[in-house]
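Asks:
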Amino acid sequence: MIDGSNQSRPVVAINFPFADTSWLGGANSIRYLLNAYHQLPNRLLDLVIVAPTMIPGIIAKSLPPLPIWHTAMLDDGSRMSFVRRIVRRLTGRDWIMEQWLRRRGAALFSHADPLGVGAGLPVIGYVTDLSVHHLTDLYSEEDLAVQQRYIERILASVDTVLLMSHAVDRDFDRFYGKERAIREVAHVVPIVPPRDRSAEALAIQHYGLPENFFYLPNKFWIHKNHAVMVEALGILRAAGTPLCVVCSGVTGDERQPGHFEALMARVAELGIADDFRVLGLIPGADVNALLRASIAVVSPSLHEGWGLTIAEAREMGKAVILSDIPVFREQAPSRARFFDPDDAHALAAVLYDAETHFDRMLDDQAQADAATTHRANQDAYARRYETIVLDTLARRSR
0 MIDGSNQSRP
10 VVAINFPFAD
20 TSWLGGANSI
30 RYLLNAYHQL
40 PNRLLDLVIV
50 APTMIPGIIA
60 KSLPPLPIWH
70 TAMLDDGSRM
80 SFVRRIVRRL
90 TGRDWIMEQW
100 LRRRGAALFS
110 HADPLGVGAG
120 LPVIGYVTDL
130 SVHHLTDLYS
140 EEDLAVQQRY
150 IERILASVDT
160 VLLMSHAVDR
170 DFDRFYGKER
180 AIREVAHVVP
190 IVPPRDRSAE
200 ALAIQHYGLP
210 ENFFYLPNKF
220 WIHKNHAVMV
230 EALGILRAAG
240 TPLCVVCSGV
250 TGDERQPGHF
260 EALMARVAEL
270 GIADDFRVLG
280 LIPGADVNAL
290 LRASIAVVSP
300 SLHEGWGLTI
310 AEAREMGKAV
320 ILSDIPVFRE
330 QAPSRARFFD
340 PDDAHALAAV
350 LYDAETHFDR
360 MLDDQAQADA
370 ATTHRANQDA
380 YARRYETIVL
390 DTLARRSR
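Written out as C-alpha coordinates, the structure is:
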(Lines of atoms letter the chains of each structure in order from A and count residues from 1; the text may use other names and numbers.)
(Lines give C-alpha, C1' and ligand atoms only; values in the text may rest on other atoms or scores of the structure.)
Protein backbone atom coordinates (compact mmCIF):
# COMPACT_ATOMS: atom_id res chain seq x y z
CA MET A 1 0.00 0.00 0.00
CA ILE A 2 1.30 3.47 -0.81
CA ASP A 3 2.29 5.89 1.94
CA GLY A 4 -0.53 8.18 3.03
CA SER A 5 -3.22 6.38 1.03
CA ASN A 6 -6.73 5.70 2.23
CA GLN A 7 -6.93 1.91 2.50
CA SER A 8 -10.54 1.92 1.34
CA ARG A 9 -9.61 3.55 -1.96
CA PRO A 10 -8.29 1.59 -4.95
CA VAL A 11 -4.71 2.36 -5.92
CA VAL A 12 -4.37 3.31 -9.59
CA ALA A 13 -0.86 3.08 -11.05
CA ILE A 14 -0.42 5.62 -13.85
CA ASN A 15 2.14 4.67 -16.48
CA PHE A 16 4.48 7.66 -17.00
CA PRO A 17 7.35 6.38 -19.18
CA PHE A 18 9.01 9.72 -19.99
CA ALA A 19 12.76 9.52 -19.56
CA ASP A 20 13.47 12.43 -21.93
CA THR A 21 11.76 15.46 -23.47
CA SER A 22 11.21 14.06 -26.96
CA TRP A 23 7.42 13.88 -26.50
CA LEU A 24 6.41 16.63 -24.12
CA GLY A 25 2.85 16.56 -25.45
CA GLY A 26 2.42 12.99 -24.24
CA ALA A 27 3.92 13.81 -20.86
CA ASN A 28 1.75 16.89 -20.50
CA SER A 29 -1.46 15.05 -21.37
CA ILE A 30 -0.90 12.69 -18.42
CA ARG A 31 0.51 15.41 -16.16
CA TYR A 32 -2.68 17.43 -16.58
CA LEU A 33 -4.73 14.46 -15.41
CA LEU A 34 -2.47 13.88 -12.41
CA ASN A 35 -2.70 17.53 -11.35
CA ALA A 36 -6.46 17.75 -11.93
CA TYR A 37 -7.16 14.60 -9.96
CA HIS A 38 -4.82 15.58 -7.13
CA GLN A 39 -6.88 18.77 -6.63
CA LEU A 40 -10.28 17.04 -6.89
CA PRO A 41 -12.26 17.11 -3.62
CA ASN A 42 -13.70 13.87 -2.21
CA ARG A 43 -11.53 11.62 -4.36
CA LEU A 44 -12.43 7.94 -4.56
CA LEU A 45 -9.05 6.74 -5.87
CA ASP A 46 -5.38 6.95 -4.90
CA LEU A 47 -3.05 7.65 -7.82
CA VAL A 48 0.61 6.71 -7.99
CA ILE A 49 3.06 7.42 -10.80
CA VAL A 50 5.04 4.58 -12.39
CA ALA A 51 8.14 6.14 -13.90
CA PRO A 52 11.70 5.48 -15.11
CA THR A 53 14.50 5.79 -12.59
CA MET A 54 15.07 9.37 -13.74
CA ILE A 55 12.48 11.92 -14.94
CA PRO A 56 13.76 15.05 -16.72
CA GLY A 57 13.67 18.08 -14.46
CA ILE A 58 11.49 20.12 -16.82
CA ILE A 59 8.83 17.41 -16.46
CA ALA A 60 9.39 16.35 -12.84
CA LYS A 61 9.02 19.84 -11.38
CA SER A 62 5.52 20.18 -12.84
CA LEU A 63 4.17 16.93 -11.35
CA PRO A 64 1.87 17.04 -8.30
CA PRO A 65 3.13 15.64 -4.97
CA LEU A 66 2.02 12.07 -5.62
CA PRO A 67 3.97 8.91 -4.77
CA ILE A 68 6.30 7.80 -7.56
CA TRP A 69 7.23 4.17 -8.10
CA HIS A 70 10.49 4.31 -10.03
CA THR A 71 11.50 1.23 -12.00
CA ALA A 72 14.30 0.31 -14.37
CA MET A 73 11.71 -1.60 -16.39
CA LEU A 74 10.91 1.77 -18.01
CA ASP A 75 14.57 2.65 -18.67
CA ASP A 76 15.47 2.10 -22.33
CA GLY A 77 18.48 -0.18 -22.60
CA SER A 78 18.41 -1.36 -18.98
CA ARG A 79 18.79 -5.02 -18.06
CA MET A 80 15.34 -5.02 -16.45
CA SER A 81 13.64 -3.60 -19.55
CA PHE A 82 15.42 -6.22 -21.68
CA VAL A 83 14.32 -9.10 -19.44
CA ARG A 84 10.78 -7.74 -19.31
CA ARG A 85 10.63 -7.52 -23.10
CA ILE A 86 11.92 -11.08 -23.56
CA VAL A 87 9.44 -12.56 -21.09
CA ARG A 88 6.61 -10.67 -22.72
CA ARG A 89 7.65 -11.88 -26.17
CA LEU A 90 7.97 -15.52 -25.09
CA THR A 91 4.78 -15.74 -23.03
CA GLY A 92 2.48 -13.08 -24.45
CA ARG A 93 2.08 -11.67 -20.94
CA ASP A 94 3.89 -8.86 -19.16
CA TRP A 95 4.33 -11.00 -16.09
CA ILE A 96 7.18 -8.99 -14.56
CA MET A 97 5.36 -5.66 -14.61
CA GLU A 98 2.08 -7.21 -13.50
CA GLN A 99 3.56 -8.97 -10.48
CA TRP A 100 5.61 -5.91 -9.54
CA LEU A 101 2.46 -3.76 -9.52
CA ARG A 102 0.36 -6.32 -7.64
CA ARG A 103 3.00 -6.65 -4.89
CA ARG A 104 2.77 -2.90 -4.34
CA GLY A 105 -1.00 -2.96 -4.03
CA ALA A 106 -2.08 -1.58 -7.39
CA ALA A 107 -5.70 -2.30 -8.28
CA LEU A 108 -5.42 -1.06 -11.88
CA PHE A 109 -2.72 -0.03 -14.37
CA SER A 110 -3.68 3.06 -16.39
CA HIS A 111 -2.29 4.69 -19.56
CA ALA A 112 -0.42 1.44 -19.93
CA ASP A 113 0.92 -0.94 -22.50
CA PRO A 114 -1.13 -4.16 -22.56
CA LEU A 115 -0.21 -6.68 -19.89
CA GLY A 116 -1.48 -9.44 -22.17
CA VAL A 117 -4.65 -11.44 -22.68
CA GLY A 118 -5.84 -12.89 -19.38
CA ALA A 119 -3.83 -10.53 -17.17
CA GLY A 120 -4.95 -10.55 -13.56
CA LEU A 121 -4.66 -6.78 -13.20
CA PRO A 122 -7.17 -4.51 -14.98
CA VAL A 123 -5.61 -2.20 -17.57
CA ILE A 124 -6.71 1.06 -19.15
CA GLY A 125 -4.89 1.57 -22.41
CA TYR A 126 -4.25 5.05 -23.77
CA VAL A 127 -4.32 5.97 -27.45
CA THR A 128 -3.69 9.64 -28.23
CA ASP A 129 -4.56 9.41 -31.94
CA LEU A 130 -4.62 7.17 -35.00
CA SER A 131 -2.23 9.27 -37.06
CA VAL A 132 -0.78 6.09 -38.58
CA HIS A 133 -3.97 5.86 -40.64
CA HIS A 134 -4.08 9.54 -41.58
CA LEU A 135 -0.40 10.33 -42.16
CA THR A 136 0.82 7.14 -43.80
CA ASP A 137 3.31 8.99 -46.01
CA LEU A 138 5.21 10.14 -42.90
CA TYR A 139 5.94 6.63 -41.64
CA SER A 140 8.01 3.81 -43.00
CA GLU A 141 6.21 0.54 -43.72
CA GLU A 142 7.96 -0.98 -40.72
CA ASP A 143 6.85 1.85 -38.40
CA LEU A 144 3.28 1.57 -39.68
CA ALA A 145 3.27 -2.16 -39.04
CA VAL A 146 4.68 -1.71 -35.52
CA GLN A 147 2.08 0.92 -34.63
CA GLN A 148 -0.80 -1.11 -36.00
CA ARG A 149 0.31 -4.27 -34.16
CA TYR A 150 0.49 -2.23 -30.97
CA ILE A 151 -3.05 -0.92 -31.41
CA GLU A 152 -4.29 -4.45 -32.14
CA ARG A 153 -2.69 -5.66 -28.89
CA ILE A 154 -4.43 -2.89 -26.98
CA LEU A 155 -7.79 -3.72 -28.51
CA ALA A 156 -7.32 -7.43 -27.79
CA SER A 157 -6.21 -7.28 -24.18
CA VAL A 158 -6.97 -4.09 -22.23
CA ASP A 159 -10.16 -3.60 -20.24
CA THR A 160 -10.80 -0.05 -21.44
CA VAL A 161 -9.27 2.17 -24.11
CA LEU A 162 -8.99 5.80 -23.01
CA LEU A 163 -9.19 8.44 -25.75
CA MET A 164 -8.95 12.23 -25.73
CA SER A 165 -11.58 12.98 -28.37
CA HIS A 166 -14.68 11.67 -30.10
CA ALA A 167 -12.85 12.28 -33.39
CA VAL A 168 -10.38 9.54 -32.46
CA ASP A 169 -13.26 7.33 -31.32
CA ARG A 170 -14.82 7.70 -34.77
CA ASP A 171 -11.46 6.77 -36.28
CA PHE A 172 -11.58 3.53 -34.29
CA ASP A 173 -15.05 2.83 -35.68
CA ARG A 174 -13.76 3.47 -39.19
CA PHE A 175 -10.51 1.52 -39.06
CA TYR A 176 -11.19 -1.21 -36.48
CA GLY A 177 -14.97 -1.51 -36.15
CA LYS A 178 -17.48 -0.27 -33.61
CA GLU A 179 -17.41 -3.37 -31.46
CA ARG A 180 -13.64 -3.47 -30.87
CA ALA A 181 -13.02 -2.91 -27.14
CA ILE A 182 -14.72 -0.66 -24.63
CA ARG A 183 -13.64 2.87 -25.45
CA GLU A 184 -14.14 5.94 -23.29
CA VAL A 185 -13.48 9.60 -24.09
CA ALA A 186 -12.21 12.12 -21.54
CA HIS A 187 -11.46 15.58 -22.91
CA VAL A 188 -8.18 16.73 -21.39
CA VAL A 189 -8.46 19.96 -19.40
CA PRO A 190 -5.01 21.48 -18.90
CA ILE A 191 -4.04 23.11 -15.65
CA VAL A 192 -3.33 26.76 -16.41
CA PRO A 193 -1.78 29.05 -13.80
CA PRO A 194 -3.35 32.39 -12.89
CA ARG A 195 -2.45 35.27 -15.15
CA ASP A 196 0.80 37.08 -14.34
CA ARG A 197 1.18 40.24 -16.40
CA SER A 198 4.70 40.90 -15.13
CA ALA A 199 5.77 37.46 -16.40
CA GLU A 200 4.27 38.28 -19.79
CA ALA A 201 6.25 41.52 -19.99
CA LEU A 202 9.45 39.77 -18.94
CA ALA A 203 9.01 37.01 -21.53
CA ILE A 204 8.39 39.53 -24.31
CA GLN A 205 11.49 41.45 -23.27
CA HIS A 206 13.63 38.32 -22.83
CA TYR A 207 12.88 37.01 -26.32
CA GLY A 208 12.93 40.42 -27.98
CA LEU A 209 9.37 40.22 -29.27
CA PRO A 210 7.08 42.97 -30.53
CA GLU A 211 4.01 43.97 -28.55
CA ASN A 212 1.65 42.28 -31.02
CA PHE A 213 2.38 38.75 -32.17
CA PHE A 214 0.71 35.41 -32.84
CA TYR A 215 1.92 32.29 -31.04
CA LEU A 216 2.40 28.84 -32.58
CA PRO A 217 3.68 26.55 -29.80
CA ASN A 218 3.89 23.24 -31.71
CA LYS A 219 6.93 21.03 -32.14
CA PHE A 220 8.32 21.13 -35.67
CA TRP A 221 6.97 17.76 -36.78
CA ILE A 222 6.02 17.91 -40.42
CA HIS A 223 2.30 17.25 -39.85
CA LYS A 224 2.12 20.28 -37.56
CA ASN A 225 2.18 22.14 -40.88
CA HIS A 226 4.43 25.10 -40.12
CA ALA A 227 4.98 25.22 -43.88
CA VAL A 228 1.58 26.79 -44.53
CA MET A 229 2.35 29.45 -41.92
CA VAL A 230 5.63 30.28 -43.64
CA GLU A 231 3.84 30.70 -46.97
CA ALA A 232 1.11 32.83 -45.38
CA LEU A 233 3.71 35.14 -43.85
CA GLY A 234 5.42 35.38 -47.22
CA ILE A 235 2.12 36.46 -48.78
CA LEU A 236 1.61 39.11 -46.09
CA ARG A 237 5.18 40.40 -46.40
CA ALA A 238 4.84 40.66 -50.18
CA ALA A 239 1.58 42.61 -49.73
CA GLY A 240 3.29 45.11 -47.43
CA THR A 241 1.41 43.93 -44.31
CA PRO A 242 3.96 41.80 -42.41
CA LEU A 243 2.97 40.15 -39.14
CA CYS A 244 4.96 38.39 -36.44
CA VAL A 245 4.41 34.72 -35.57
CA VAL A 246 6.42 33.30 -32.67
CA CYS A 247 7.11 29.54 -32.62
CA SER A 248 8.39 27.38 -29.81
CA GLY A 249 8.95 23.63 -29.46
CA VAL A 250 11.35 20.87 -30.39
CA THR A 251 12.80 21.51 -33.86
CA GLY A 252 13.65 17.93 -34.86
CA ASP A 253 11.43 15.36 -36.58
CA GLU A 254 13.09 11.95 -36.71
CA ARG A 255 10.55 10.77 -39.28
CA GLN A 256 11.56 13.56 -41.66
CA PRO A 257 15.23 14.47 -41.12
CA GLY A 258 16.03 17.86 -42.60
CA HIS A 259 12.45 19.14 -42.39
CA PHE A 260 13.28 22.02 -40.04
CA GLU A 261 16.31 23.04 -42.08
CA ALA A 262 14.25 23.08 -45.29
CA LEU A 263 11.58 25.14 -43.58
CA MET A 264 14.10 27.73 -42.41
CA ALA A 265 15.64 27.85 -45.87
CA ARG A 266 12.22 28.78 -47.20
CA VAL A 267 11.94 31.46 -44.49
CA ALA A 268 15.21 32.96 -45.70
CA GLU A 269 14.12 32.74 -49.33
CA LEU A 270 10.92 34.68 -48.58
CA GLY A 271 12.74 37.24 -46.44
CA ILE A 272 10.54 36.69 -43.40
CA ALA A 273 13.09 35.97 -40.67
CA ASP A 274 11.68 38.88 -38.65
CA ASP A 275 8.14 37.60 -39.15
CA PHE A 276 8.74 33.92 -38.28
CA ARG A 277 10.54 33.79 -34.92
CA VAL A 278 11.74 30.39 -33.67
CA LEU A 279 12.53 30.13 -29.96
CA GLY A 280 13.08 26.37 -29.73
CA LEU A 281 12.21 24.51 -26.53
CA ILE A 282 11.45 27.03 -23.77
CA PRO A 283 10.33 26.72 -20.11
CA GLY A 284 6.68 26.05 -19.46
CA ALA A 285 6.31 29.31 -17.57
CA ASP A 286 7.40 31.20 -20.67
CA VAL A 287 4.98 29.21 -22.83
CA ASN A 288 2.13 30.24 -20.52
CA ALA A 289 3.23 33.88 -20.61
CA LEU A 290 3.39 33.95 -24.42
CA LEU A 291 0.03 32.18 -24.76
CA ARG A 292 -1.57 34.90 -22.69
CA ALA A 293 0.29 37.83 -24.25
CA SER A 294 -0.34 36.86 -27.87
CA ILE A 295 -3.02 38.23 -30.18
CA ALA A 296 -4.13 34.63 -30.74
CA VAL A 297 -2.79 31.10 -30.53
CA VAL A 298 -2.41 29.39 -33.90
CA SER A 299 -2.36 25.74 -34.94
CA PRO A 300 -2.23 24.85 -38.65
CA SER A 301 -1.91 21.13 -37.86
CA LEU A 302 -3.04 18.49 -40.35
CA HIS A 303 -4.02 15.98 -37.65
CA GLU A 304 -4.36 15.89 -33.86
CA GLY A 305 -5.68 13.56 -31.21
CA TRP A 306 -6.83 16.57 -29.19
CA GLY A 307 -4.42 19.52 -29.44
CA LEU A 308 -3.19 20.36 -25.96
CA THR A 309 -1.96 23.86 -26.73
CA ILE A 310 -5.39 24.75 -28.06
CA ALA A 311 -6.98 23.26 -24.95
CA GLU A 312 -4.63 25.44 -22.89
CA ALA A 313 -5.59 28.52 -24.90
CA ARG A 314 -9.28 27.70 -24.47
CA GLU A 315 -8.91 27.44 -20.70
CA MET A 316 -7.17 30.82 -20.72
CA GLY A 317 -9.95 32.41 -22.76
CA LYS A 318 -7.61 33.17 -25.66
CA ALA A 319 -8.60 33.62 -29.28
CA VAL A 320 -7.40 30.77 -31.51
CA ILE A 321 -6.81 30.37 -35.23
CA LEU A 322 -7.17 26.74 -36.25
CA SER A 323 -6.91 24.41 -39.19
CA ASP A 324 -10.37 23.14 -40.02
CA ILE A 325 -10.01 19.54 -38.83
CA PRO A 326 -12.61 17.52 -36.86
CA VAL A 327 -10.86 17.50 -33.50
CA PHE A 328 -10.54 21.29 -33.43
CA ARG A 329 -14.23 21.63 -34.27
CA GLU A 330 -14.91 19.26 -31.37
CA GLN A 331 -13.02 21.49 -28.96
CA ALA A 332 -15.16 24.40 -30.21
CA PRO A 333 -13.39 27.25 -28.42
CA SER A 334 -15.70 30.28 -28.25
CA ARG A 335 -13.10 32.59 -29.83
CA ALA A 336 -12.06 30.37 -32.76
CA ARG A 337 -11.48 31.11 -36.44
CA PHE A 338 -10.89 28.26 -38.88
CA PHE A 339 -9.04 27.97 -42.17
CA ASP A 340 -8.23 25.32 -44.76
CA PRO A 341 -4.82 23.92 -43.70
CA ASP A 342 -3.78 23.64 -47.36
CA ASP A 343 -4.61 27.27 -48.19
CA ALA A 344 -1.90 29.79 -47.26
CA HIS A 345 -3.95 32.67 -48.69
CA ALA A 346 -6.86 31.79 -46.40
CA LEU A 347 -4.55 31.70 -43.38
CA ALA A 348 -2.97 35.02 -44.38
CA ALA A 349 -6.42 36.62 -44.58
CA VAL A 350 -7.44 35.32 -41.14
CA LEU A 351 -4.18 36.49 -39.54
CA TYR A 352 -4.50 39.95 -41.06
CA ASP A 353 -8.10 40.28 -39.94
CA ALA A 354 -7.28 39.09 -36.42
CA GLU A 355 -4.51 41.62 -35.97
CA THR A 356 -6.49 44.44 -37.55
CA HIS A 357 -9.43 43.92 -35.19
CA PHE A 358 -7.49 42.91 -32.08
CA ASP A 359 -8.76 44.66 -28.94
CA ARG A 360 -6.51 44.21 -25.90
CA MET A 361 -9.25 45.21 -23.44
CA LEU A 362 -11.66 42.62 -24.84
CA ASP A 363 -8.93 40.00 -24.69
CA ASP A 364 -8.22 40.85 -21.05
CA GLN A 365 -11.91 40.47 -20.21
CA ALA A 366 -12.16 37.12 -22.01
CA GLN A 367 -9.20 35.83 -19.99
CA ALA A 368 -10.78 37.04 -16.75
CA ASP A 369 -14.07 35.34 -17.65
CA ALA A 370 -12.32 32.04 -18.42
CA ALA A 371 -10.63 32.05 -15.03
CA THR A 372 -14.04 31.83 -13.33
CA THR A 373 -14.87 28.47 -14.95
CA HIS A 374 -11.43 26.86 -15.08
CA ARG A 375 -11.63 24.98 -11.78
CA ALA A 376 -15.06 23.56 -12.58
CA ASN A 377 -13.80 22.34 -15.97
CA GLN A 378 -10.79 20.77 -14.32
CA ASP A 379 -12.90 19.00 -11.68
CA ALA A 380 -15.31 17.67 -14.32
CA TYR A 381 -12.38 16.19 -16.25
CA ALA A 382 -10.94 14.55 -13.14
CA ARG A 383 -14.33 13.15 -12.15
CA ARG A 384 -14.86 11.80 -15.66
CA TYR A 385 -11.59 9.87 -15.40
CA GLU A 386 -12.54 8.60 -11.94
CA THR A 387 -15.82 7.27 -13.33
CA ILE A 388 -13.99 5.45 -16.14
CA VAL A 389 -11.66 3.78 -13.62
CA LEU A 390 -14.48 2.74 -11.28
CA ASP A 391 -16.52 1.35 -14.17
CA THR A 392 -13.49 -0.64 -15.35
CA LEU A 393 -12.94 -2.09 -11.86
CA ALA A 394 -16.64 -2.90 -11.52
CA ARG A 395 -16.67 -4.91 -14.77
CA ARG A 396 -13.76 -6.99 -13.50
CA SER A 397 -15.52 -7.75 -10.23
CA ARG A 398 -18.68 -9.15 -11.86
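Counting from 0, one number per residue, gives the positions in the sequence shown under numbering that gives the first Met the number 0.
By construction, the Cβ of each residue, glycine as well, lies at the ideal position given by its N, Cα and C atoms.
Hey, could you find the ends of the alpha helix (DSSP H) residue 123 is sitting in?
Replies: By 1-based counting over the sequence shown, the position of residue 123 is 124. Residue 123 -> not in any alpha helix (DSSP H); beta strand (DSSP E) instead, spanning 122-125.
Asks: Pick helix, strand or coil for residue 169, following the three-state DSSP scheme.
Replies: Numbered from its first residue, the sequence shown carries residue 169 at position 170. DSSP places residue 169 in helix when its eight states are reduced to three.
Asks: My parser needs the alpha helix (DSSP H) runs of 4 or more residues fully inside the segment 45-116; what are they?
Replies: Listed in chain order, they are 56-59, 78-90, 94-102.
Asks: If you draw a straight line from the C-alpha of residue 135 to the C-alpha of residue 143, how long is it?
Replies: Residue 135 sits at position 136 when you count from the first residue of the sequence shown. Residue 143 sits at position 144 when you count from the first residue of the sequence shown. Cα-Cα distance, rounded: 7 Å.
Asks: Quick one: what's got a C-beta closer than 6 Å to residue 95's C-beta in the same chain, skipping five residues either side?
Replies: Within the sequence shown, numbered from 1, the residue matching residue 95 stands at position 96. Closer than 6 Å at the Cβ level, and outside the excluded window around residue 95, lie 83, 86.
Asks: Residue 7 by DSSP, collapsed to three states: which one?
Replies: If you number the sequence shown from 1, residue 7 lands on position 8. Of the three classes helix, strand and coil, the one that applies to residue 7 here is coil, per DSSP.
Asks: For residue 241 and residue 327, what's the separation of their Cα atoms in angstroms?
Replies: On the sequence shown, residue 241 is found 242 positions in, with the first residue counted as 1. On the sequence shown, residue 327 is found 328 positions in, with the first residue counted as 1. Each residue's alpha carbon lies about 27 Å from the other.
Asks: Touching or not, the segment 241-254 and the segment 215-228, by the rule of three or more beta carbon pairs under 8 Å?
Replies: Yes, since at least three Cβ pairs between the segment 241-254 and the segment 215-228 fall closer than 8 Å, the two stretches touch.
Asks: Residue 0 to residue 378, Cα distance in whole Å?
Replies: Here residue 0 is taken as the residue at index 1 of the sequence shown, counted from 1. Here residue 378 is taken as the residue at index 379 of the sequence shown, counted from 1. Confidence in residue 0 is poor, its pLDDT being 43 and thus under 50, which makes the residue's placement too unreliable to answer from.
Asks: Under 8 Å, do residue 46 and residue 33 count as touching if we go by C-beta distance?
Replies: As a position in the sequence shown, residue 46 is number 47, starting the count at 1. As a position in the sequence shown, residue 33 is number 34, starting the count at 1. Yes, these two residues count as a Cβ contact at 8 Å.
Asks: Could you tell me which residues DSSP puts in a beta bridge with residue 246?
Replies: Against the sequence shown, residue 246 aligns to sequence position 247. Its beta-bridge partners are 215, 277.
Asks: Quick check: the Cα distance between residue 347 and residue 150, rounded to an integer number of angstroms?
Replies: For this step, residue 347 is matched to residue 348 along the sequence shown. For this step, residue 150 is matched to residue 151 along the sequence shown. Distance between the alpha carbons of residue 347 and residue 150 is about 38 Å.
Asks: Contact defined as beta carbons within less than 8 Å: I believe residue 124 pairs with residue 111. What is the distance between those atoms, to the nearest angstrom?
Replies: The residue you call residue 124 lines up with position 125 of the sequence shown. The residue you call residue 111 lines up with position 112 of the sequence shown. Their Cβ separation, rounded to whole angstroms, is 7 Å, which keeps residue 124 and residue 111 in contact under 8 Å.
Asks: What is the rounded straight-line gap between the Cα of residue 74 and the Cα of residue 80?
Replies: The residue you call residue 74 lines up with position 75 of the sequence shown. The residue you call residue 80 lines up with position 81 of the sequence shown. Whole-angstrom Cα-Cα distance: 6 Å.
Asks: Just how far apart, CA to CA, sit residue 279 and residue 23?
Replies: On the sequence shown, residue 279 is found 280 positions in, with the first residue counted as 1. On the sequence shown, residue 23 is found 24 positions in, with the first residue counted as 1. Residue 279 and residue 23: Cα-Cα distance of roughly 13 Å.
Asks: Which runs of the alpha helix (DSSP H), 4 residues or longer, sit entirely within the segment 314-365?
Replies: The segment 314-365 contains these whole alpha helix (DSSP H) runs: 325-330, 343-355.
Asks: Could you give the distance in angstroms between the alpha-carbon of residue 300 and the alpha-carbon of residue 340?
Replies: Counted from its first residue, the sequence shown places residue 300 at position 301. Counted from its first residue, the sequence shown places residue 340 at position 341. Rounded to whole angstroms, residue 300 to residue 340 spans 7 Å at the Cα level.
Asks: So, for residue 354: in the same chain, excluding its five sequence neighbours on each side, which residues have a beta-carbon less than 7 Å away from its beta-carbon?
Replies: Position 355 of the sequence shown, counting from 1, holds the residue named residue 354. Closer than 7 Å at the Cβ level, and outside the excluded window around residue 354, lie 211, 242, 294.
Asks: Specify the secondary structure class of residue 12 as computed by DSSP and reduced to three states.
Replies: Along the sequence shown, one-based indexing puts residue 12 at 13. Looking at residue 12 - three-state DSSP - the assignment turns out to be strand.
Asks: Which one or two residues does DSSP pair with residue 372 in a beta bridge?
Replies: The sequence position of residue 372 within the sequence shown is 373, counting from 1. Answer by DSSP bridge pairing: none, since residue 372 is not bridged.
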